[in-house]
Amino acid sequence: MSDEPRAPRTAPRTSATFTPEVMAEIRRAAATGIYDIRGAGAKRPLPHFDDLLFLGASISRYPLEGYRERCGTEVTLGARFAGKPLRLRTPITIAGMSFGSLSAQAKEALGRGATLAGTSTTTGDGGMTPEERAHSRTLVYQYLPSRYGMNPDDLRRADAVEVVVGQGAKPGGGGMLLGQKITERVAGMRTLPPGIDQRSACRHPDWTGPDDLEIKIGELREITDWEKPIFVKVGASRPYYDTALAAKAGADVVVLDGMQGGTAATQDVFIEHVGLPTLAAIRPAVRALQDLGLHRQVQLVVSGGIRSGADVAKALALGADAVAIGTAALIALGDNDPRWQAEYEALGTTAGAYDDWHEGNDPAGITTQRPELAGRLDPVQGGRRLANYLAVMTLEAQTIARACGKSHLHNLEPEDLVALTIEAAAMAGVPLAGTDWVPGRTP
Amino acid sequence: MPRFDLRQEGLRALNRSLHALAPDTNATHWTVTGPDGAHAVAAGLDLPISVEIEGHVGYYCAGMNKRAQVVIHGSAGTGVAENMMSGLVHVRGDAGQSAGATAHGGLLIVDGNAGARCGISMKGVDIVVKGSVGHMSAFMAQAGTLTVLGDAGEALGDSLYEARLYVRGAVRSLGADCVEKPMRAEHLAELAGKLAAAGLAGAVEAREFRRYGSARRLYHFHVDNAGAY
């Protein structure tokens with residue numbers, strides 16, 4: 001034993017580039033030879049609505065009485081060309097999610113919740129189920145590149161048609177549903193052999209580009225006798241041009257989905273590295289509509305990371321007419337609930353991080369086709385929870401709007417907002433808090 | 001029987017009239033004149049009437065057709081009979097690209113040639129093309145049959161699912177996961193039936209065709225197939 005003090009050593013240093021997560025992914029890729037597939041949207045930190053604040057009224061503006069003066073929330077979607085536009089009580093809609101990716105019970109719960117709240121819900125890549133039609137007062141029917149389950153009867157049964165060009169989690173990518181979830185019923189609706197890994201196309205089979213899209217929208221209007229609103233959904237990547245082209249092609253409504261918007265299953269590299277954050281996409285889309293003189297005539301529905309009434313109010317203040325929620329709606333139904341922690345751990349994850357929705361083993365019974373798991377979700381109770389959540393978000397948005405002196409959510413405006421970071425100020429086109437500096441606009 | 005001049009009365013009036021017909025209508029045979037390349041002519045029909053179109057049509061003629069018989073005495077643009085559910089669509093001339101795209105049922109006959117992507121994502125329709133088809137025909141085709149009396153262009157049947165392809169002439173190349181398969185008795189019988197339905201019984205023999213279908217190697221993701229995805 002020596003009493004000599006040990007020479008000081010360098011402390012173990014992990015890399016900020018090769019983090020434990022990065023290294024785990026390299027090892028996983030090396031072991032399996034296949035890219036990582038998962039559900040949900042971008043998980044990386046991004047400039048978001050949290051980086052914006054509202055300026056409440058004081059002396060220069062005065063507020064509305066919180067419990068006496070009305071603050072409207074209703075929205076009409078599709079009055080540009082459709083004979084029967086959608087009239088919703090709240091501007092918070094339910095985004096497209098397929099039966100197949102979700103259980104029939106989950107789809108029913110979404111329909112029930114949306115109906116109680118007076119809003120719309122949306123089908124997905126896999127067709128319309130009788131359950132969701134029956135339980136959805138207002139149902140938007142998605143028209144996707146795969147055209148799984150597409151038929152004129154459901155088209156006429158729908159309340160609106162959404163031509164899906166892309167989604168925020170994977171702008172430029174096609175659908176994917178792995179074999180575990182292609183049950184007999186799902187396969188039958190999609191005209192596929194049961195149990196195969198379904199690949200679906202990223203481009204529509206019978207049109208390419210904005211001029212064709214105009215003709216396609218014309219056909220859908222003819223088939224539905226010009227009654228149904230036609231939405232066009234794009235993933236946020238070039239929102240100014242995509243919005244302008246969708247409007248030019250004759251859309252009644254443009255749905256703009258940022259990269260935080262969820263998916264049932266896609267490559268992680270796609271989710272995290274392709275597309276724009278929702279915050280960065282709204283102003284260019286609104287500007288496109290304003291430049292065409294169509295803002296408020298063509299409605300803009302924004303989705304991707306909407307969680308609260310504050311997010312709703314901020315999206316509307318930036319110029320959206322409505323928002324759509326997907327991931328948040330699933331959480332309201334019980335997705336990633338800590339009550340299933342032991343089962344999440346058995347799957348190698350933890351409550352709050354579970355995103356292997358494509359594997360079909362969801363303990364909460366939502367992103368699964370296994371009857372014993374799907375049976376855990378009571379559609380009536382789930383619908384009630386979703387309706388409660390939609391009511392809370394609507395009240396929160398009204399609270400903010402009244403504080404800003406607005407008698408309708410649509411009266412919120414960019415001038416009600418400031419940003420906490422330079423990035424958010426530049427993306428949202430509002431001043432950095434405490435300054436009159438809008439990066440990129442004012443010197 | 002009604003004659004409808006599209007030039008005079010317009011597309012909306014035509015489709016509205018056809019959609020509004022009662023199930024027991026006596027107006028079961030319609031003639032449409034002056035189509036002049038209009039799009040979505042006779043789209044969304046859902047009753048057993050016949051519609052004869054005297055001239056060329058644009059995109060999506062007879063789109064999503066159910067039960068009706070639509071005969072085009074001319075050529076048809078992109079997506080003729082797209083997503084057809086049942087009934088018959090007969091193009092007496094040539095068809096543009098994506099003929100019969102995603103169609104679930106019924107019979108599409110093209111007397112001339114069909115362009116690229118004929119039968120793309122087809123889901124159960126029977127398509128008979130008396131001439132040739134363009135490149136990427138039957139791309140991701142899921143179910144049904146595509147019968148081609150002439151030749152097929154590049155990448156026939158790429159990423160094919162369960163549709164069956166019968167080609168009498170030359171195939172420029174096969175797409176990913178599409179292979180030639182043996183013509184067994186059941187396929188000869190099936191093809192003879194499709195040829196007869198297209199009015200070709202006695203004129204063309206099933207044994208003159210070769211059959212192509214999915215090798216089913218892409219049905220489950222595997223790293224060794226990465227180059228084919």
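Chains as they are written, first to last, in full-length UniProt numbering: chain G, 1 to 443; chain U, 1 to 229. We treat Cβ as the ideally placed atom computed from N, Cα and C, and that holds for glycine. As the structure is a computational prediction, the values presented were derived from the model and not from experiment.
When you compare only the Cα positions, how much space is there between residue i and residue j?
| i | j | result |
| --- | --- | --- |
| L18/U | A353/G | 54 Å |
| R7/U | C61/U | 16 Å |
| A428/G | R296/G | 19 Å |
| A22/U | A201/U | 35 Å |
| Y141/G | E21/G | 39 Å |
| R156/G | G112/U | 33 Å |
| V253/G | Q267/G | 29 Å |
| Q69/U | T145/U | 19 Å |
| G172/G | G258/G | 13 Å |
| L156/U | S132/U | 12 Å |
| D321/G | E69/G | 22 Å |
| R203/G | A101/U | 13 Å |
| G440/G | A426/G | 6 Å |
| D362/G | A265/G | 13 Å |
| G113/G | T191/G | 30 Å |
| A160/G | D5/U | 31 Å |
| T435/G | D36/G | 44 Å |
| H222/U | L108/U | 36 Å |
Among the residues of its own chain, which have a CB less than 7 Å from the CB of residue i, if the five just before and after it don't count?
| i | result |
| --- | --- |
| K181/U | R211, Y212, G213 |
| S86/U | K66, R67, G105, G106 |
| P85/G | T76, L77, G78, A79, P229 |
| T183/G | P194, Q369 |
| H408/G | C71, G72 |
Which class does residue i belong to by DSSP, given the choice of helix, strand or coil?
| i | result |
| --- | --- |
| E154/U | coil |
| D94/U | coil |
| residue 444/G | Examination of residue 444/G is not possible in this model, given that chain G is present from 1 through 443 alone. |
| S50/U | strand |
| I422/G | helix |
| A134/G | helix |
| E162/G | strand |
| K43/G | coil |
| R164/U | strand |
| M136/U | coil |
| A316/G | Looking at the sequence provided, one finds Leu at residue 316/G rather than Ala. Three-state DSSP puts L316/G in a helix. |
| I230/G | strand |
| M189/G | helix |
| S303/G | strand |
| residue 231/U | Shown here, chain U extends from 1 to 229; a query on residue 231/U therefore has no answer. |
| V80/U | coil |
Determine which residues share a DSSP beta bridge with residue i and list them.
| i | result |
| --- | --- |
| R3/U | T31/U |
| S120/G | DSSP output for S120/G lists no bridge partner at all. |
| F54/G | L417/G |
| K123/U | A143/U |
| E180/U | Y212/U |
| T76/G | R87/G |
| F99/G | L102/G |
| R337/G | Arg is not the amino acid found at residue 337/G; the sequence shown has Asp there. Answer is none; D337/G lacks a bridge partner. |
| G127/G | G124/G |
| I72/U | I53/U, V91/U |
Taking Cβ positions, are residue i and residue j nearer each other than 8 Å?
| i | j | result |
| --- | --- | --- |
| S75/U | A103/U | no |
| G309/G | I400/G | yes |
| A189/U | V167/U | no |
| L88/U | T147/U | no |
| L177/G | G100/G | yes |
| P152/G | S121/U | no |
| residue 236/U | D158/U | Summary: the structure shown does not reach residue 236/U, with chain U confined to residues 1 through 229, and so no result is reported for it. |
| G334/G | G382/G | yes |
| T31/U | M1/U | yes |
| V186/G | G126/G | yes |
| I92/G | I325/G | yes |
| A285/G | T243/G | yes |
Tell me which residues share the same chain as residue i and place their Cβ nearer than 6 Å to its Cβ, disregarding the 5 neighbours each side in the sequence.
| i | result |
| --- | --- |
| residue 446/G | A question about residue 446/G goes unanswered here, because the residues of chain G that appear run from 1 up to 443. |
| S200/G | S146, G174, G175 |
| E162/G | V140, Q142, F231, K233 |
| M183/U | R211 |
| L165/U | A138, L146, G157, Y212 |
| C118/U | A99, V133, S137 |
For residue i, which residues in the same chain have their Cβ closer than 8 Å to its Cβ, ignoring the five residues on either side in sequence?
| i | result |
| --- | --- |
| E65/G | R402 |
| A328/G | I306, R307, Y389 |
| I422/G | L432, P439 |
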